[in-house]
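Residue 9 is where the sequence shown starts when you use the working numbering, and the numbers rise one by one after that.
Even glycine gets a Cβ: it sits at the ideal position worked out from N, Cα and C.
Below you'll find the structure, written out as structure tokens, and then a few comments.
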Amino acid sequence: MALGATFAALRHRNYRIWAAAGFVSVIGTWMQVLGVNWFVLAETGSATSMGFTVLLQALPTLVLSVWGGALADRVPAKPLLIGAQAAHALLAAGLAVVAVTGAGGLPAIYAISLATGAVSAIEGPVMGRWASTLVDRESLGNALALGSLTNSAGRILGMSLGAVVVAAVGPALLFAVNAASFVAVVVALFAVREGERHAGEPAPADVAPADGGIRAGFRYLRRQPVVLVALALSFVLGSLGRNYQVTMAAMSDGPLHGGASGYGFLSTVFAVGTVLGALFAARRAELGYAVLVGAGLLASGLQIVAGLAPGTLSFAAVILPVAAAAVIIDTTVGARAQLDTDYAMRGRVLAALAVTGSISAAVGAPLLGWLAEHAGPRQTLVLAGTVTAVATAAAGVALDRLRERRLAHRLTLVLAAPAARPIRRVATTAVRVVRPAGAGLVAATATAARVVRPAGAGLVAATATAAGVVRPGAARLAPATAATAAALPRPAVLPGASPVALPGGAAGARPGAGRLRSSRAARAAHDCAACAPHRGRRRSRWTALRSPYAHRDGCPAA
Numbered sequence: 009m010a011l012g013a014t015f016a017a018l019r020h021r022n023y024r025i026w027a028a029a030g031f032v033s034v035i036g037t038w039m040q041v042l043g044v045n046w047f048v049l050a051e052t053g054s055a056t057s058m059g060f061t062v063l064l065q066a067l068p069t070l071v072l073s074v075w076g077g078a079l080a081d082r083v084p085a086k087p088l089l090i091g092a093q094a095a096h097a098l099l100a101a102g103l104a105v106v107a108v109t110g111a112g113g114l115p116a117i118y119a120i121s122l123a124t125g126a127v128s129a130i131e132g133p134v135m136g137r138w139a140s141t142l143v144d145r146e147s148l149g150n151a152l153a154l155g156s157l158t159n160s161a162g163r164i165l166g167m168s169l170g171a172v173v174v175a176a177v178g179p180a181l182l183f184a185v186n187a188a189s190f191v192a193v194v195v196a197l198f199a200v201r202e203g204e205r206h207a208g209e210p211a212p213a214d215v216a217p218a219d220g221g222i223r224a225g226f227r228y229l230r231r232q233p234v235v236l237v238a239l240a241l242s243f244v245l246g247s248l249g250r251n252y253q254v255t256m257a258a259m260s261d262g263p264l265h266g267g268a269s270g271y272g273f274l275s276t277v278f279a280v281g282t283v284l285g286a287l288f289a290a291r292r293a294e295l296g297y298a299v300l301v302g303a304g305l306l307a308s309g310l311q312i313v314a315g316l317a318p319g320t321l322s323f324a325a326v327i328l329p330v331a332a333a334a335v336i337i338d339t340t341v342g343a344r345a346q347l348d349t350d351y352a353m354r355g356r357v358l359a360a361l362a363v364t365g366s367i368s369a370a371v372g373a374p375l376l377g378w379l380a381e382h383a384g385p386r387q388t389l390v391l392a393g394t395v396t397a398v399a400t401a402a403a404g405v406a407l408d409r410l411r412e413r414r415l416a417h418r419l420t421l422v423l424a425a426p427a428a429r430p431i432r433r434v435a436t437t438a439v440r441v442v443r444p445a446g447a448g449l450v451a452a453t454a455t456a457a458r459v460v461r462p463a464g465a466g467l468v469a470a471t472a473t474a475a476g477v478v479r480p481g482a483a484r485l486a487p488a489t490a491a492t493a494a495a496l497p498r499p500a501v502l503p504g505a506s507p508v509a510l511p512g513g514a515a516g517a518r519p520g521a522g523r524l525r526s527s528r529a530a531r532a533a534h535d536c537a538a539c540a541p542h543r544g545r546r547r548s549r550w551t552a553l554r555s556p557y558a559h560r561d562g563c564p565a566a
């Protein structure tokens with residue numbers, strides 16, 4: 009695809025404004041994440057305390073996202089989003105005050121982290137549903153891919169700048185920068201033109217206006233088996249195949265002997281892979297379930313290979329495409345969850361997607377850590393990759409059945425396409441009887457079980473196969489075949505020459521000279537030279553006429 013198609017969503021003015029504001033906000037968010045982790049680690053010296061802070065930010069998603077999805081489908085989005093940005097800015101400013109003054113200490117950090125997670129849980133479905141109206145339906149997949157690209161690039165830039173700032177002046181400035189970044193989002197909300205937004209499809213008849221609660225969302229999802237299979241696959245791949253922050257640390261500290269520097273290098277490679285994956289997803293005209301299954305199988309297979317990597321460089325070379333596949337999987341699931349569901353239920357579907365991601369992270373990270381500690385990092389990667397590969401294959405079969413076996417139909421079309429003709433031709437030629445090489449001509453001849461159409465006759469006569477077995481019914485057609493063949497002129501056979509010698513070829517050449525033949529093909533050529541060339545459905549290409557060879561004595565066609 010052309011470069012312009014990669015950034016097709018940027019043709020929409022509203023999306024350009026929103027993407028620029030989102031990029032600024034993502035940079036500030038990752039700077040705050042680095043600042044919180046640094047502050048907690050400096051105060052406690054415990055990685056467990058740092059992990060507890062991350063858990064507090066993710067925990068509200070499990071409970072409040074469904075409420076956020078219901079609100080997204082029932083109330084106007086812009087007031088909620090403006091209020092959420094204001095709350096985020098105040099909470100970030102509170103972190104800056106705690107970092108400067110030390111007031112409240114760690115309990116204040118934990119409380120602000122929990123509140124930040126709660127605001128994000130409610131804001132997420134609302135923002136996702138509203139942002140989907142900034143582009144048309146055809147550009148939605150591209151917009152989601154560019155959103156992944158924005159998040160990946162913002163993460164790299166935010167973590168890099170944050171590391172410099174925190175080393176120079178401490179984490180307080182990081183919190184202040186994040187608080188100011190939410191101003192860009194508020195400005196973008198006011199700059200978006202309501203008249204240029206693309207409203208979703210009208211609500212279907214079975215979704216009443218009052219039917220906007222959480223239970224209605226669950227009832228709707230139960231009637232969407234394709235989306236449920238995609239969410240289940242996303243859970244398995246997210247829990248066992250995408251918690252690389254755990255497995256990379258275990259591999260770097262264990263078999264790879266890379267230490268902290270090796271872990272930092274692997275984290276950078278993984279971030280670069282996410283950017284490449286986002287670019288690939290943006291270049292796709294459509295992100296379908298085939299892309300989801302293919303990316304899942306690729307990531308699972310490479311995860312097994314990563315467990316066998318001997319060194320840091322080889323491990324990095326493998327996780328680069330794994331990171332790209334992870335972004336493709338997330339983008340595809342997000343696109344299908346929005347495109348394959350009713351617009352009236354989009355907020356609750358996005359909430360279910362957010363809950364799935366949170367549960368996969370909450371379940372997968374401890375499980376992979378426990379396996380790495382007891383079974384070993386390499387064994388953990390191989391085992392997890394095998395499980396995800398089996399789950400992806402099962403999901404692919406289920407999706408194919410639910411979508412009326414479109415995969416089988418596509419395979420049929422592929423095999424019938426012109427590109428597949430050489431394959432079919434090779435398979436057919438493998439069982440054909442080839443003419444002698446001395447003739448200088450290569451003609452397709454009879455297969456072992458084809459039906460003869462005698463020249464000049466309107467009858468189809470079943471003839472003997474290469475093994476000498478006559479098809480049922482051949483005896484009934486033999487008189488007609490013999491009568492037709494007798495009326496045809498027969499060429500004279502030179503004395504001492506083989507009756508199968510081609511015109512213009514070497515006289516006396518043995519049947520099949522210069523080629524490898526099976527015993528069945530040889531018997532067929534020796535039985536009757538005049539019948540053998542006509543065992544194919546098509547006539548000889550070099551004559552387009554009846555056989556020029558004499559029948560052997562006793563041949564039924566003689």
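- The way I'd put it, the segment 346–364 doesn't touch the segment 373–385; fewer than three beta-carbon pairs between them come closer than 8 Å.
- Around G166, the same chain offers I35, W38, M39 as residues with beta carbons nearer than 6 Å, after the five sequence neighbours per side are excluded.
- Note that the C-beta distance between A286 and W26 is not below 8 Å.
- Ranked by how close their Cα comes to the Cα of A334, the residues L407, R344, G246, A401 have G246 in first place.
- E131 counts as buried, since no fewer than 16 other beta carbons sit within 10 angstroms of its beta carbon.
- A distance below 6 Å between beta-carbons, with the five flanking residues on each side excluded, links V330 to the following residues of its chain, in chain order: A307, L310.
- Going by DSSP, L98 is part of the alpha helix (DSSP H) stretching over 85–109.
- If you draw a straight line from the Cα of M58 to the Cα of A119, it is about 14 Å long.
- Taking C-beta atoms as the reference points, F243 and I367 count as a pair closer than 8 Å.
- The C-alpha of A406 is placed about 13 Å away from the C-alpha of Q232.
- When the Cα atoms are used, L148 and G53 turn out to be separated by approximately 44 Å.
- DSSP places F15 in the coil class of the three-state scheme, outside both helix and strand.
- Cβ neighbours of A224 within its own chain (closer than 6 Å, five residues either side excluded): none.
- Contact annotation: A324 and F273 have beta-carbon atoms nearer than 8 Å.
- Pairing R24 with A199, the inter-Cα distance amounts to about 11 Å.
- Taking a contact to require three or more Cβ pairs closer than 8 Å, the segment 255–272 and the segment 382–396 qualify as touching.
- Every alpha helix (DSSP H) of 4 residues or more that sits fully in the segment 245–299 is shown, in chain order, as 252–261, 267–291.
- Closest in alpha carbon position to G372, among S322, T388, A359, V71, is T388.
- Apart from the 5 residues on each side of it in sequence, L70 sits with its Cβ closer than 7 Å to the Cβ of V363, S366, I367 in its chain, given in chain order.
- Taking 8 Å as the upper bound for CB-CB distance, Q65 and G110 are not in contact here, some 21 Å apart.
- Under the three-state reduction of DSSP, A383 is assigned to coil, being neither helix nor strand.
- Residue range 21–52 is occupied by the alpha helix (DSSP H) that includes M39.
- For L241 and V341, the gap between their C-alpha atoms comes out near 9 Å.
- Note that the segment 152–163 does not touch the segment 87–102; fewer than 3 beta-carbon pairs, one per stretch, sit closer than 8 Å.
- For V177, the three-state secondary structure derived from DSSP is coil.
- Pairing Y297 with R227 gives a Cβ-Cβ distance that is not under 8 Å.
- Shown here for V283: same chain residues with a beta carbon closer than 7 Å to its own, the five before and five after excluded, namely L157, S160, A161 in chain order.
- With distances taken between CA atoms, L42 lies nearest to I164 out of A13, D348, I164.
- The beta carbon of L347 sits closer than 8 Å to the beta carbons of R145, L148, G149 from its chain, once the five residues preceding and following it are set aside; these are given in chain order.
- Within its own chain, the residues whose Cβ lies closer than 7 Å to the Cβ of A279, once the five positions on either side in sequence are excluded, are S160, R163, I164, listed in chain order.
- Assignment of A317 by DSSP, reduced to helix, strand and coil, places it in the coil class.
- Here R201 has R21, N22 as same chain residues with Cβ atoms under 8 Å from its own Cβ, once five neighbours each way along the sequence are excluded.
- Assignment of Q232 by DSSP, reduced to helix, strand and coil, places it in the coil class.
- For G113, the enclosing alpha helix (DSSP H) begins and ends at 113–139.
- The C-beta of R137 has 16 or more other C-beta atoms within 10 Å across all chains shown, which makes the residue buried.
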